[in-house]
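Let me begin by presenting the structure, written as C-alpha cells, before commenting on it.
Now the structure itself:
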C-alpha cells in the first residue's frame, strides 16, 4: 500500500532504517558540531568565525540596535558591508604595542615605510562633526565628553566651525587639539584606507589654528639618528614619547585592536634611560678584583670539656655583588611590571 501514498509512503518504507528512529542527546558540544556541519553545507561561516565578524562589526559600530536588524536582514557574511561607521557612534580605538628602543623599531619595520609622530601627554578623543553642525566628543572608552570641552571646534577650511551656545565662563582650561587621524569624511568611511591616504585627507580637510588646532608633529624616516633626535625633541616638548605607524602596508585602521602595525616608544621605558647591560657587565668585571676585607670578629661558645673556648674567625674577602646580575634581575622585574602598563594611555 505504501507505493500508493506518494512521499508519505516513501517515509513509511524507510521507517526501519536505523537513523529514522535512533535518538541522541543534544548536548551543547553536539549542537555546536551540528551547527558547524550545517553551516559548512550551507556556506555559512562557523560559529567562531561568525562571532569574530560580529565582534569586528561591533568595534566599528557599537550599537546592537543597528547590528541585530542588519544581521537578520543580510546575514553574517554581509554584515560588515551593512554596518559601517556612523556619525555619533564612537569607534573603538586602535592601540599600539610598546617597544623599548629605536633599533627595535627599525628591526620590526625593516623594508616597510613608516612614520613617527609625537605621543602627546593629553586625553585621546574622537570628535564627530555632525550633519546638523553640532559637535560630539567621545573618550577612548566611548564616554560622551561633549560638555567637558565646550571650546573645542573644527577648523573646516576657511570656515571655523565654533561650538554653538558656549558660555565663556564655562571654560576652565584652554584646550588645544592635535589631530593625528581621520576616519570619516563627507559620508565616506576611511577605516579601510591606508594611513597615507587618511593622512592626506586630514591635511586636505583642515587648517591649523595657532594655539587651538594643530596636526600631530610627524616625520617619515628610517634613519636611527634622525628618529633618536626626533624622540629627544618630543620629550623636550613634554610629550610622552613617539607613536610609530606603518604608512601604506597593513596600515588600515583596526578598531579595538592592539596592533603590531602601531608601536609606541615612551620615555618611561626607553633603553637610553637605563645604563646598558654591556656597560654594567664591564663594570662588574672591573669590580671583581676589588675586595673589602671582612672585619675581624670574635665568636665564643661553651664547651663542656674546657669551659669556654675562644676562636677567631678567618679573614675572608668580601666581594661586591655582580652588577650585571643585579641589573638583569631589575630588568626582569621592570619588564614584568610594565608588560601592559599603559593599556589606558594610548
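Residue numbers (the UniProt record's numbering): 1 to 346.
Glycine residues also receive a C-beta, built at the ideal position from the N, C-alpha and C atoms.
Per DSSP, residue 90 lies in no beta strand (DSSP E) segment and is marked neither H nor E. With respect to residue 91, residue 85 sits close: the two C-beta atoms are nearer than 8 Å. Residue 146 and residue 138 have their C-alpha atoms roughly 7 Å apart. Within 10 angstroms of the beta-carbon of residue 174 lie fewer than 16 other beta-carbons, which makes it exposed.
Of the other Cβ atoms in all chains shown, 16 or more fall within 10 Å of the Cβ of residue 254; this residue is therefore buried. Straight through space, the alpha carbons of residue 69 and residue 186 are spaced by roughly 25 Å. Straight across, the Cα-Cα distance linking residue 102 with residue 264 is about 10 Å. Bounds of the beta strand (DSSP E) holding residue 138 are 135-139. Counting other Cβ atoms within 10 Å of its Cβ, residue 192 stays below 16 and is therefore classed as exposed.
Per the C-alpha coordinates, the member of 148, 248, 180, 209 positioned closest to residue 120 is 180. Remark: C-beta atoms of residue 195 and residue 245 approach each other more closely than 8 Å.
In the same chain as residue 346, and ignoring 5 residues on each side of it, the C-beta atoms closer than 6 Å to its own belong to 95, 96, in chain order. With respect to the 8 Å criterion, residue 65 and residue 130 are not classified as neighbours on the basis of their beta carbons. Listed as beta-bridge partners of residue 243 by DSSP are 117, 264. Residue pairing by DSSP puts residue 97 in a beta bridge opposite 263.
In this structure, the CA atom of residue 232 is about 45 Å from the CA atom of residue 48.
Comparing alpha-carbon positions, the option among 217, 54, 240, 144 lying closest to residue 72 turns out to be 54. Across the structure, residue 105 and residue 247 are spaced so that their CA atoms are roughly 14 Å apart. Cβ contact annotation for residue 79 (same chain, cutoff 8 Å, sequence separation greater than five): 53, 54, 57, 67, 70, 71, in chain order.
Counting of Cβ neighbours within 10 angstroms places residue 266 among the buried residues, the total reaching 16 or more. Taking C-beta atoms as the reference points, residue 224 and residue 118 fail to come closer than 8 Å.
For residue 127, the enclosing beta strand (DSSP E) starts and ends at 125-129. In this model, residue 228 and residue 82 are separated by some 44 Å (Cα to Cα). Nearest neighbour of residue 141 by Cα position, chosen from 151, 260, 62, 226, turns out to be 62.
C-alpha of residue 122 to C-alpha of residue 46: approximately 42 Å in a straight line. Around the beta-carbon of residue 144, fewer than 16 other beta-carbon atoms lie within 10 Å, marking it exposed.
With respect to the C-alpha of residue 59, the residue from 133, 257, 268 having the closest C-alpha is 257.
Per DSSP, the beta-bridge partners of residue 178 are 214. Approximately 13 Å separates the beta-carbon atoms of residue 239 and residue 214; this is outside 8 Å, ruling out the contact. Taking 8 Å as the cut-off, the Cβ atoms of residue 124 and residue 93 count as close. Within its own chain, the residues whose Cβ lies closer than 6 Å to the Cβ of residue 50, once the five positions on either side in sequence are excluded, are 76, listed in chain order. The DSSP-derived three-state label of residue 253 is coil.
Here residue 189 carries a strand assignment [DSSP, helix/strand/coil]. In the DSSP annotation of this structure, residue 221 is not part of any alpha helix (DSSP H), being labelled neither H nor E.
A straight-line Cα-Cα distance of about 19 Å links residue 222 and residue 235. Relative to residue 152, the option among 262, 209, 261 whose CA is nearest is 209.
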